[in-house]
Every structure is written in C-alpha cells, then in structure tokens.
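This report refers to the structure that appears directly beneath it.
Protein chains: 2
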Amino acid sequence: MSTIPTATISRLVTYLRILTSLENQGIKNTSSEQLAEEAQVSAFQVRKDLAYFGRFGTRGAGYTVPTLRRELRRILGLNRPWNVAIIGMGRLGQAISDYPHFEQYDFSLKACFDNNAKVIGQTMSGHQVYGMDALPQVVKEKGIDIGFLTVPQAAAQAAADALVAAGIKGILNFAPVVINVPREVHVEPVDFLAGLKRVSFYIINPGLKEELA
Amino acid sequence: MSTIPTATISRLVTYLRILTSLENQGIKNTSSEQLAEEAQVSAFQVRKDLAYFGRFGTRGAGYTVPTLRRELRRILGLNRPWNVAIIGMGRLGQAISDYPHFEQYDFSLKACFDNNAKVIGQTMSGHQVYGMDALPQVVKEKGIDIGFLTVPQAAAQAAADALVAAGIKGILNFAPVVINVPREVHVEPVDFLAGLKRVSFYIINPGLKEELA
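Chains as they are written, first to last, in our numbering: chain A, 1 to 213; chain B, 1001 to 1213.
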C-alpha cells in the first residue's frame, strides 16, 4: 500500500462522525452520494478515500451503516483504548485535563508531567503530577501511547525529544511552534484559533451562511 | 449570490495559507493544479470554490500569487482588524489570553470577562477582567466583534445569550456543547481534540505516513 494523503485521514474522521450520527438515527443504509453531501465533498472523493483501504459496500446498493462505521473505526485505530499523558501542567495543560469529553473515543488520561518542582507530586484533576525525569518509567508502566504537548513554545522541542526517547509514537502539539521528530512519530499540530479565520467571513457575509438541515 | 458551503470557506483559509507560503518564497504565479496539490483536493474543487466569489486568474496562465492572496484576504474579511473578548477567565481563558500568536491575523484581544467576584477587577495577561454585567457597555466602547466562549459547559448558553444581546456577531465556542444563537450570529465550535482521531491512525500505520516535501 502506498502512502495516504493526510486529508484522506481527516475525511475518514468526518465520514465516521456522519455514520455515527446516521446510526444514532436508526438509519441502516447510506451511499457515497449521501456521505459526500454531509461531508461537503464529491461522491468521487468519498469512493477514492475509501478505496485506499479496500472495497466497501455494493455497487448500486451503497453501504451498510453499522458495517462501514465499524470498518472506519478499525482503520482509524479507534476500536481500542489509547492512553494519553499531558506534558506541561500550566494553564493549558490543566484546562485540558479538566475537559469533560476527554474519554469520548476511548482516549484515557493516564498521567501528567511538569518540570516545576512546585507542582510535581501534587494531584491535578485526579492525577498525580510527575517530574519529567520519571517520563520513561511512567510511559512504560502505564502503557502511554500519546503525549499532549502543552509546554511553553521555548520548551516544546526538548519536551518532544523526551517523549520520543520514552517511546511515545504520537504527539498532539499545542505549542505554536513546529517540532522535529523522527519519521516514525506522528505529530498533530493543534491550532485552536483556526476557526477564527472563518468567523470573520461570516460576520461580513451573514447572508451567505449555509442553512443547516 | 446563494449560500456558500462551510467547507468552501475552510478551503479558502487553506488556499490563503498556501498563497502566503508561496509569496514568502518569492513565487509570483500559481495554478489551480498547484493549489490543489498543496491543499490535497482536486483542481476542479479549487476552481469551483473560487468561482463562488468571481473570476480570478487567466485561463492557461493561472493566478498571480499576490493578487489572489489579496483577494482571498478581502473575501475572508482578513484585510481589517477584528476585536476579540474572552468570556470565562478560568484555566482555558487564561491559557488563551497568553497565546503568543494571538495577533497573527489582525485579531486583537480587547477585554476579558468573568462572573467570579474574585477575579473581576484583576489584571490578567495585561487586561482588566470585567464582570458580565459590563458586557454591553464594554462591547460597545471597545468595538468588540468576536467572543471566545471559555466558560464551563453548564454556563455556555447563558454566556452566549449575553454575547448576542450585547451585539456580538461571531463566537468561537470552546465549551463542548452546542449553543443556540440567532441565524445572523456565527458560532464556530472549537474541538481541540479532533486531531487525536488522526494520531491513532498514524500510530497503527507508521508506514502509511505521507512524505512531506
């Protein structure tokens, strides 16, 4: 199998969300046309995205909702629990550790880390805060897969290096800086202000807002 | 003009980011094919997205980078400053008020609000924290256009109602709950854990990761 565009993976996440909504409504069958309309892409794009992973559905009959949903969860690795650690228990790290929908997709917060002696050993959101020196051992003992990097910009690369050295394979990077990691580690940058650039469009064009069904 | 798909607006933001990068590299001309490749959509999609807003570029000759970039900034409303207020100065509100790249796109934090008597009147990240009762007056005096809703889930709808009553036309909603607003107000939900669902894919499929140029 060749490499897969990252945009395809983002769209699979969108298709999964749509399928979950259809399943919750008790709808049993769907089509590339319906998924395309809901995801605001072309039906050709839906079929092309799915074709990277095999053959789903039947020509003319479309897709069975629970089957395709299960397949997408398997493809995306969402059919198993993932253990998460937060690196950097400043304001952002604390805010995220409080996030109520954290475990929505089988992601479980297992540990928090900081390098500030004042917070190491404290309990935050029900989790003991470890020092960064404990990272390799805690990652191993608690089976941590993914790190949330919520340290200040200047500390981000060193913290990412420590995560990589500890064997972490996925990083959600909240620091507004590009971090360098080996190819086998995946970094997902989080730009929580991205939506701001759409808000201004809708403020100046209130009449162009799409009607939601 | 009819309504515009929200996905088109998101893609315009992506095209603008690509054009800014091309301009920074000193590249003067581009094409729908190049924009499509960078944005991971089809060239037809690029042309269709732009066609909602007029005719750009020349058949066969493509687009002039600075011109198309300027047009997209105008279309997205990014050619003027926008004034922002944060509603809810808990951990998340404080973390966002500290965000160093805040003013990258001419968005300017003008005021912070909370309903906790302990923080009202205090200065946080250089901004005085106002009580929610001051919202209508401060929004008017400081010309605030956009509100960041960083209150707890249970307080989100009431805070949104207050923003709407004060005349705010755009809301970035960080609370993990759907809020109801009149049609002329645009709400952009922020799901800062969305990237998590892509991380798991790349952890289980390290070999399928796209090579970045």
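Each residue gets a CB set at the ideal place from its N, CA and C atoms; glycine is no exception.
Within-7 Å CB hit, residue i to chain B
i: A/Phe53; result: no
i: A/Lys169; result: yes
i: A/Glu184; result: yes
i: A/Lys118; result: no
i: A/Thr3; result: yes
i: A/Arg59; result: no
i: A/Leu192; result: Note on identity: in this sequence residue 192 of chain A is Phe, with Leu being the wrong assignment. Yes, its Cβ sits closer than 7 Å to a Cβ of chain B.
i: A/Leu212; result: Residue confidence is low: A/Leu212 scores 44 on pLDDT, short of 50, so the model does not pin down where it sits. Its coordinate-derived value is still stated next. No - not a single Cβ of chain B is within 7 Å of the one on A/Leu212.
i: A/Val199; result: yes
i: A/Leu92; result: yes
i: A/Ala95; result: yes
i: A/Glu71; result: no
i: A/Gly77; result: yes
i: A/Gln40; result: yes
i: A/Glu23; result: no
i: A/Asn188; result: One detail in the question is off: residue 188 of chain A reads as Glu in this sequence, not Asn. Yes, because at least one Cβ of chain B sits closer than 7 Å to the Cβ of A/Glu188.
i: A/Leu163; result: no
Closest residue to residue i among the options (Cα-Cα distance)
i: B/Tyr1063; options: B/Asn1205, B/Leu1078, B/Leu1022; result: B/Leu1022
i: A/His186; options: A/Leu149, A/Leu68, A/Met124, A/Val41; result: A/Leu149
i: B/Gln1040; options: A/Leu135, A/Glu38, A/Asp49; result: A/Asp49
i: A/Asp98; options: A/Met124, A/Met132, A/Arg183; result: A/Met124
i: A/Asp145; options: B/Pro1176, B/Ile1203, B/Leu1193; result: B/Ile1203
i: B/Gly1077; options: B/Val1177, B/Phe1201, B/Val1190, B/Leu1012; result: B/Leu1012
i: B/Gln1122; options: B/Ala1159, B/Gln1034, B/Met1089; result: B/Met1089
i: A/Val199; options: B/Pro1081, B/Leu1196, B/Ala1051, B/Arg1069; result: B/Pro1081
i: A/Gly131; options: A/Gly143, A/Gly147, A/Asp114; result: A/Asp114
i: B/Leu1016; options: B/Asp1133, B/Arg1074, B/Ala1095, B/Val1119; result: B/Arg1074
i: A/Gly195; options: B/Arg1047, B/Gly1143, B/Glu1188; result: B/Glu1188
i: A/Asn151; options: A/Ile18, A/Asn173, A/Ala36, A/Lys118; result: Before going on, a small fix: residue 151 of chain A reads as Val here, not Asn. If we check each option's Cα against that of A/Val151, A/Asn173 comes out closest.
i: B/Asp1133; options: B/Ala1117, B/Asn1083, B/Gly1054; result: B/Ala1117
i: B/Leu1193; options: A/Leu92, A/Arg69, A/Ser31; result: A/Leu92
i: A/Ile215; options: B/Thr1006, B/Ala1158, B/Ser1010, B/Ala1175; result: With chain A covering 1 to 213 only, the question about residue 215 of chain A has no answer from this structure.
i: A/Gly60; options: A/Thr6, A/Gln25, A/Ile87, A/Asn29; result: A/Asn29
Closer than 7 Å to chain A by CB, residue i
i: B/Tyr1202; result: yes
i: B/Ile1087; result: no
i: B/Ile1179; result: no
i: B/Val1013; result: yes
i: B/Gly1195; result: yes
i: B/Ile1009; result: yes
i: B/Gln1034; result: no
i: B/Ile1018; result: no
i: B/Leu1135; result: no
i: B/Ile1146; result: yes
i: B/Pro1206; result: yes
Coarse secondary structure for residue i, derived from DSSP in three states
i: A/Ala175; result: coil
i: A/Asn24; result: helix
i: A/Ile4; result: coil
i: B/Thr1030; result: strand
i: B/Val1084; result: strand
i: B/Leu1193; result: coil
i: B/Tyr1015; result: helix
i: A/Tyr63; result: strand
i: B/Leu1212; result: Since pLDDT at B/Leu1212 reaches only 44, below the 50 mark, its modelled position is unreliable, and no value is offered.
- prompt: Considering only residues of the region 1100 to 1187 of chain B, which uninterrupted alpha helix (DSSP H) runs meet the minimum length of 4 residues and lie entirely inside it, listed in chain order?
  reply: 1135 to 1142, 1156 to 1165
field: the region 127 to 146 of chain A / the region 165 to 180 of chain A touching (three or more Cβ pairs under 8 Å)
entry: yes
query: Any chance the region 178 to 193 of chain A sits against the region 106 to 114 of chain A, with 3 or more Cβ pairs inside 8 Å?
result: no
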